[in-house]
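Peer 1:
Number of protein chains: 2
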Amino acid sequence: MHTTLTIVNKTHIIIQLRDIKGEKMLYEKKRPEPPEEYYRVPVDVLKEYTIEFFKAFGVCDRDAEIAADVIITADLFGIESHGVQRLRRYYYTPLAKGVIKPHGNISIVKEGPTYAVVDGNNGIGLIIGVKAMRIAIKKAKKSGVGFVLVRNSSHYGIAGYHAKVASDNGLIGISMTNSQPLVAYTNTIGRNIGTNPIAVAIPTKNPPPILVDMATSIVPMGKIEVALRLEKEIPLGWGMNERGELTKNPKDIFHGGALLPLGGLGETLGGHKGSCLAILVDILSGVLPKSGWGANVYSPSSGRSPKVGHFFMAIDIEKVMPIEEFYSLIEAYKKYIKGLKKHPNADRIWIPGEKSWRTMTTRMKLGIPIHISVMKELEEISRELGIKEYYEKIKRNAKRLLS
Amino acid sequence: MHTTLTIVNKTHIIIQLRDIKGEKMLYEKKRPEPPEEYYRVPVDVLKEYTIEFFKAFGVCDRDAEIAADVIITADLFGIESHGVQRLRRYYYTPLAKGVIKPHGNISIVKEGPTYAVVDGNNGIGLIIGVKAMRIAIKKAKKSGVGFVLVRNSSHYGIAGYHAKVASDNGLIGISMTNSQPLVAYTNTIGRNIGTNPIAVAIPTKNPPPILVDMATSIVPMGKIEVALRLEKEIPLGWGMNERGELTKNPKDIFHGGALLPLGGLGETLGGHKGSCLAILVDILSGVLPKSGWGANVYSPSSGRSPKVGHFFMAIDIEKVMPIEEFYSLIEAYKKYIKGLKKHPNADRIWIPGEKSWRTMTTRMKLGIPIHISVMKELEEISRELGIKEYYEKIKRNAKRLLS
Numbered sequence: 290m291h292t293t294l295t296i297v298n299k300t301h302i303i304i305q306l307r308d309i310k311g312e313k314m315l316y317e318k319k320r321p322e323p324p325e326e327y328y329r330v331p332v333d334v335l336k337e338y339t340i341e342f343f344k345a346f347g348v349c350d351r352d353a354e355i356a357a358d359v360i361i362t363a364d365l366f367g368i369e370s371h372g373v374q375r376l377r378r379y380y381y382t383p384l385a386k387g388v389i390k391p392h393g394n395i396s397i398v399k400e401g402p403t404y405a406v407v408d409g410n411n412g413i414g415l416i417i418g419v420k421a422m423r424i425a426i427k428k429a430k431k432s433g434v435g436f437v438l439v440r441n442s443s444h445y446g447i448a449g450y451h452a453k454v455a456s457d458n459g460l461i462g463i464s465m466t467n468s469q470p471l472v473a474y475t476n477t478i479g480r481n482i483g484t485n486p487i488a489v490a491i492p493t494k495n496p497p498p499i500l501v502d503m504a505t506s507i508v509p510m511g512k513i514e515v516a517l518r519l520e521k522e523i524p525l526g527w528g529m530n531e532r533g534e535l536t537k538n539p540k541d542i543f544h545g546g547a548l549l550p551l552g553g554l555g556e557t558l559g560g561h562k563g564s565c566l567a568i569l570v571d572i573l574s575g576v577l578p579k580s581g582w583g584a585n586v587y588s589p590s591s592g593r594s595p596k597v598g599h600f601f602m603a604i605d606i607e608k609v610m611p612i613e614e615f616y617s618l619i620e621a622y623k624k625y626i627k628g629l630k631k632h633p634n635a636d637r638i639w640i641p642g643e644k645s646w647r648t649m650t651t652r653m654k655l656g657i658p659i660h661i662s663v664m665k666e667l668e669e670i671s672r673e674l675g676i677k678e679y680y681e682k683i684k685r686n687a688k689r690l691l692s
Numbered sequence: 290m291h292t293t294l295t296i297v298n299k300t301h302i303i304i305q306l307r308d309i310k311g312e313k314m315l316y317e318k319k320r321p322e323p324p325e326e327y328y329r330v331p332v333d334v335l336k337e338y339t340i341e342f343f344k345a346f347g348v349c350d351r352d353a354e355i356a357a358d359v360i361i362t363a364d365l366f367g368i369e370s371h372g373v374q375r376l377r378r379y380y381y382t383p384l385a386k387g388v389i390k391p392h393g394n395i396s397i398v399k400e401g402p403t404y405a406v407v408d409g410n411n412g413i414g415l416i417i418g419v420k421a422m423r424i425a426i427k428k429a430k431k432s433g434v435g436f437v438l439v440r441n442s443s444h445y446g447i448a449g450y451h452a453k454v455a456s457d458n459g460l461i462g463i464s465m466t467n468s469q470p471l472v473a474y475t476n477t478i479g480r481n482i483g484t485n486p487i488a489v490a491i492p493t494k495n496p497p498p499i500l501v502d503m504a505t506s507i508v509p510m511g512k513i514e515v516a517l518r519l520e521k522e523i524p525l526g527w528g529m530n531e532r533g534e535l536t537k538n539p540k541d542i543f544h545g546g547a548l549l550p551l552g553g554l555g556e557t558l559g560g561h562k563g564s565c566l567a568i569l570v571d572i573l574s575g576v577l578p579k580s581g582w583g584a585n586v587y588s589p590s591s592g593r594s595p596k597v598g599h600f601f602m603a604i605d606i607e608k609v610m611p612i613e614e615f616y617s618l619i620e621a622y623k624k625y626i627k628g629l630k631k632h633p634n635a636d637r638i639w640i641p642g643e644k645s646w647r648t649m650t651t652r653m654k655l656g657i658p659i660h661i662s663v664m665k666e667l668e669e670i671s672r673e674l675g676i677k678e679y680y681e682k683i684k685r686n687a688k689r690l691l692s
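Shown next as structure tokens:
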């Protein structure tokens, strides 16, 4: 491919590297900001560290590899909130306290040709999720569709990862989970339902798959945490304060406030629809598997078993049409969307999952941006867990963005 | 039940009739506005008229009863946009032109223990939807879950009706349909994807079921039509004009403008999430059944076969736990939601579907509000179809709200 390359400095490579059609070849949906506070770390060394992190808690090699892949995929997809910066709060703390167990042993409580009820036995959600989706896939390949209900799990990382396990196998994958309450249900105040994401993956002939991965709140809590760290205001509409008023101050969300459901405050712009979706996810992934739901799902740092529940479904396309035919239809669909009339204020028209995918391919090349504070945390963790050599390897291979 | 009743005038009964706890007994989610332009028509005579309407086009008795029940349920639920006021545009015109056929004959193109692909043969979506969902239910009862993909159908009324067919049988029901393009996909302008609703019904021991029924746009087109008729502004955020700007003028939506996806314009408040949901519905109910999708779904008045597609799924709860246990859990869930801290500006906290259900019980008692212009239309139709006696019956039993 013919490219024009103008390197202004290392940060600006990203917007200068274009192919012959003028398209950006490198793209990140969130760019490291401010760049001087970031390193870029090669994917393989960051993943190796993450594998060793889980192994240090007694997770077996194969399961540690799964867990690390979910975490690193979040970083690659540009969903840093669910990446290595969560190792401490979401995994270290509850594993150390014993409220999450390092085993990856799931029990099948009930099973039929199209369904299974699985007990995660308070293991690591990242691993439980992948294993449960594999069961759903197996059942779908045999029966056309399979669903798996999971109880007593914990945070399973990005919902989209698990959906993608199905699309990687040529099936449609659906993945849902409940979470500790962070959102104010319509017409209420305070945090009382989870951000309860829904992910759906549609396989395509060539990557990327069509991948929807969305909290049923306007934004996940990670975005508020980022605004806090950067001491920036949040857009009006993302959350409410303790009195139920819209706020631009991210601190308000943590002091009695709450996130808002997709559609926002009240019903005028459809806030009740986001709330409805959140309830449906809670019923399918919490009530139906007899796991926690509502306020009975606990945060990883609560010191209690999280009782997170999940719902997985796989649909085998081949049962209804030859997969190649489906792939052609989906290519036509993508082409239709890409060919729509672009809004004058928009950068471009995106297919669901495309931004994450392009961020991933970019970060495979340039490395994953890691904030200096996260680097410090990784160092501390490595000392505490006796995996310092893997941190050293990160350090050796990391590049400061601007020095 | 002890009640306090203060009749100010016939319209105001609704807010004055309270039970002993001070709860409103009668409730309508949309009150006839302005009241002097409305009649109230008893449910049975309106339904009888609607049955005869379909029979006049050659629809058989049993199918006409199904079609009328879907239409009248919309009016009862307070979703007038999908009720008898649509008979002319959505059913009369395409039936008269022959682009929709009066038969209710669906063909099963492909079938397995958990799935079926159904061809609606350009019949009436209202009827096709119910028949397809019944197939999904039968499969779910046997296998745990069943899904049915429908091609070559037409507008199937309110999505929630079909989901409720499953919950009426004690199963979880999912119903989706695509529609002619009315919404601007994120970062585009113009109408290019459908309002593509999603409905999910969760059975409960006693009615109402938990019933989510939502367009994946902020509002369905019906709300814009109502604003137009009342010559009122629409809230900023519902739609865009032909240049992609937000507008309060409902006329703009019809002159090159479009509805906006749930989450609104751009991505700041999650508009891409609504767009993602719309695409998923289009893929599951349009692409997967090999029906129309995107711009290849046509409006009922276009003169073309609408090529609307649907997706139905039923999940049998009894496979994973005794239904009575599920019912107890759902009652606890409803109690949890109802017991949350109410927002100071809110009237009350609602369970999904509760507003529609209470509107229905109210209208069963008081009759369905019919606008004078709709009355006139029903009269004209009755003359054209030779079913004048059924209109006369409506007229005899209708009461003016304020005279």
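Residue numbers (the working numbering), protein chains in the order written: chain A, 290 to 692; chain B, 290 to 692.
Just so it is clear, CB atoms sit at the ideal spot from N, CA and C, and this is done for glycine as well.
#1: For E620(B), which residues from the same chain have a beta carbon less than 8 angstroms from its beta carbon, with the 5 sequence-adjacent residues on both sides left out?
#2: Considering only residues of the same chain and omitting the five flanking positions on each side of L525(B), which have a CB-CB separation below 7 angstroms?
#3: Under DSSP, the alpha helix (DSSP H) around G435(B) begins and ends at which residues?
#4: Mapping DSSP to helix, strand and coil, what is V359(A)?
#5: Measuring straight from C-alpha to C-alpha, what distance separates G347(A) and P383(A)?
#6: Going along the chain, which residues of its own chain have a beta-carbon closer than 6 angstroms to the beta-carbon of S574(A), five neighbours each way excluded?
#7: Taking 9 angstroms as the CB-CB limit, is H451(B) close to chain A?
#8: Compute the Euclidean distance between the alpha carbons of E522(B) and A385(B), then round it to the nearest angstrom.
#9: Contact defined as beta carbons within less than 8 angstroms: I believe K688(B) pairs with Y328(B). What is the distance between those atoms, to the nearest angstrom?
#10: Take the Cβ of G528(B) as the centre, count every other Cβ of all protein chains shown within 10 Å, and call the residue buried at 16 or more, exposed below.
#11: For H392(B), which of helix, strand or coil comes out of DSSP?
#12: Is the shortest distance between the beta-carbon of K631(A) and the beta-carbons of chain B less than 9 angstroms?
#13: Say whether chain B places a C-beta atom closer than 9 angstroms to the C-beta of C248(A).
#14: Compute the Euclidean distance between the alpha carbons of L695(B) and A584(B), then round it to the nearest angstrom.
#15: So which residues on chain A does V406(B) lean against when the C-beta distance must stay under 7 angstroms?
#16: Comparing alpha-carbon positions, which option in D605(B), I542(B), G479(B) and K630(B) lies nearest L460(B)?
#17: Output, in sequence order along the chain, the residues in the stretch 436-461 of chain A whose CB is closer than 9 angstroms to any CB in chain B.
#18: Measure the C-alpha to C-alpha separation of G592(B) and V515(B) and round it to an integer number of angstroms.
#19: Under 8 angstroms Cβ to Cβ from G418(A), same chain only, skipping five residues before and after it: list those, please.
#20: Are the stretch 660-672 of chain B and the stretch 372-382 of chain B touching, with three or more C-beta to C-beta distances below 8 angstroms?
#21: Between L549(B) and A473(B), what straight-line distance do the alpha-carbon atoms span, to the nearest angstrom?
#22: For a test of the three-state rule: what should DSSP assign to I487(B), helix, strand or coil?
#23: Are I572(B) and Y622(A) touching if we call contact CB-CB under 9 angstroms?
#24: Might you give, ordered along the chain, the residues of its own chain that have their beta carbon closer than 6 angstroms to the beta carbon of N298(A), omitting 5 neighbours on each side?
#25: For I368(B), which residues of its own chain have a beta-carbon under 6 angstroms away from its beta-carbon, when the five flanking residues on both sides are left out?
#26: Is it right to say S432(A) is buried, meaning 16 or more other beta carbons lie within 10 angstroms of its own, or is it exposed?
#27: Distance cutoff 9 angstroms, beta carbons only. Does G401(A) sit that close to anything in chain B?
#28: Just to confirm before moving on: does the CB-CB distance between I638(B) and T484(A) stay below 9 angstroms?
#29: Near E400(A), what residues of its chain come up, given a Cβ to Cβ distance below 6 angstroms and the 5 sequence neighbours on each side ignored?
#30: Please compile the residues from chain B whose C-beta is within a distance smaller than 7 angstroms of the C-beta of W582(A).
#31: Using a Cβ-Cβ cut-off of 9 angstroms, state whether D364(B) counts as contacting chain A.
#32: Assuming F342(A) is part of the alpha helix (DSSP H), what are its boundary residues?
#33: State the Cα-Cα distance for the pair I424(B) and E317(A), rounded to the nearest angstrom.
#34: Whose C-alpha, out of W582(B), I491(B) and T505(B), is nearest the C-alpha of V625(A)?
#35: CA-CA distance, Q305(B) and T651(B)?
#36: With a Cβ-Cβ cutoff of 9 angstroms, do L471(A) and A547(A) count as a contact?
Peer 2: The short version:
#1: Here residue 620(B) refers to the residue found at position 331 when the second sequence is read from its first residue. The residues are T493 and K494.
#2: Within the second sequence, the letter at position 236 stands for residue 525(B). So the qualifying residues of the chain are L535 and K537.
#3: Against the second sequence, residue 435(B) aligns to sequence position 146. That residue, G435(B), is in no alpha helix (DSSP H); its beta strand (DSSP E) goes V434 to S442.
#4: Stepping through the first sequence from its first residue, residue 359(A) is reached at position 70. Note: V359(A) maps to helix in three-state DSSP.
#5: Along the first sequence, read from residue 1 onward, the residue named residue 347(A) stands at position 58. Along the first sequence, read from residue 1 onward, the residue named residue 383(A) stands at position 94. Taking the straight line joining both Cα atoms gives about 14 angstroms.
#6: The sequence position of residue 574(A) within the first sequence is 285, counting from 1. For S574(A), where only same-chain residues beyond five positions count, the Cβ hits under 6 angstroms are M465, T466, N467, G598, H599 and F600.
#7: For the purposes of this step, residue 451(B) is taken as residue 162 along the second sequence, with counting starting at 1. So, not an interface residue.
#8: If you number the second sequence from 1, residue 522(B) lands on position 233. If you number the second sequence from 1, residue 385(B) lands on position 96. One C-alpha to the other measures close to 34 angstroms.
#9: Within the second sequence, numbered from 1, the residue matching residue 688(B) stands at position 399. Within the second sequence, numbered from 1, the residue matching residue 328(B) stands at position 39. That pair is a contact at about 6 angstroms.
#10: As a first step, residue 528(B) must be located in the second sequence, where it is residue number 239. Buried: at least 16 other Cβ atoms inside 10 Å.
#11: As a first step, residue 392(B) must be located in the second sequence, where it is residue number 103. Note: H392(B) maps to coil in three-state DSSP.
#12: As a first step, residue 631(A) must be located in the first sequence, where it is residue number 342. Output row for K631(A): interface = yes.
#13: Because residue 248(A) is not part of the residues shown, which for chain A are 290 to 692, the question remains open.
#14: In the structure displayed, chain B extends from 290 to 692; residue 695(B) sits before or after that span and is not available.
#15: Position 117 of the second sequence, counted from the start, is the residue given in the question as residue 406(B). The answer, in chain order, is V609.
#16: Numbered from its first residue, the second sequence carries residue 460(B) at position 171. Out of D605(B), I542(B), G479(B) and K630(B), D605(B) has the C-alpha closest to the C-alpha of L460(B).
#17: F436, L438 and I461
#18: Residue 592(B) sits at position 303 when you count from the first residue of the second sequence. Residue 515(B) sits at position 226 when you count from the first residue of the second sequence. Cα-Cα distance, rounded: 24 angstroms.
#19: Position 129 of the first sequence, counted from the first residue, corresponds to residue 418(A). Same-chain partners within the cutoff: V359, V439, S442, Y445, G446, Y450, H451, S464, T466, H599 and F601.
#20: yes
#21: Residue 549(B) sits at position 260 when you count from the first residue of the second sequence. Residue 473(B) sits at position 184 when you count from the first residue of the second sequence. Roughly 6 angstroms separates the two Cα atoms.
#22: Here residue 487(B) refers to the residue found at position 198 of the second sequence. Three-state DSSP puts I487(B) in a strand.
#23: What you label residue 572(B) is simply residue 283 of the second sequence in a count that begins at 1. What you label residue 622(A) is simply residue 333 of the first sequence in a count that begins at 1. Against a cut-off of 9 angstroms, the Cβ pair of Y622(A) and I572(B) comes out as a contact.
#24: Locating residue 298(A) in the first sequence gives position 9, counting from the first residue. At N298(A) the pLDDT is 41, less than 50, meaning the model places this residue with poor confidence and gives no usable figure here.
#25: As a working mapping, residue 368(B) is identified with position 79 in the second sequence. Correct list, in chain order: I447.
#26: For this step, residue 432(A) is matched to residue 143 along the first sequence. S432(A) comes out buried.
#27: The residue labelled residue 401(A) in the question sits at position 112 within the first sequence. It does: the Cβ of G401(A) has a partner Cβ on chain B nearer than 9 angstroms.
#28: Translated into the one-based positions of the second sequence, residue 638(B) becomes position 349. Translated into the one-based positions of the first sequence, residue 484(A) becomes position 195. Contact: no.
#29: The count along the first sequence starts at 1 and reaches residue 400(A) at position 111. Once the five neighbours on either side are set aside, E400(A) has no close Cβ partner at all.
#30: Start at 1 with the first residue of the first sequence, and residue 582(A) comes out as number 293. In chain order: Y622.
#31: Position 75 of the second sequence, counted from the first residue, corresponds to residue 364(B). Closer than 9 angstroms: no.
#32: Against the first sequence, residue 342(A) aligns to sequence position 53. F342(A) -> alpha helix (DSSP H) spans V332 to A345.
#33: The residue you call residue 424(B) lines up with position 135 of the second sequence. The residue you call residue 317(A) lines up with position 28 of the first sequence. Cα-Cα distance, rounded: 46 angstroms.
#34: The residue given as residue 625(A) occupies position 336 in the first sequence. The amino acid occupying residue 625(A) in the given sequence is Tyr; Val does not appear at that position. It is W582(B) whose Cα lies nearest to the Cα of Y625(A).
#35: As a first step, residue 305(B) is located in the second sequence; it is residue number 16 there, counting from the start. As a first step, residue 651(B) is located in the second sequence; it is residue number 362 there, counting from the start. Any reading at Q305(B) needs caution, since the residue's pLDDT is 43, under 50, leaving its predicted position unreliable; the model's value is listed next. Roughly 13 angstroms separates the two Cα atoms.
#36: By one-based count along the first sequence, residue 471(A) stands at place 182. By one-based count along the first sequence, residue 547(A) stands at place 258. Yes, the pair counts as a contact, with Cβ atoms nearer than the cut-off.
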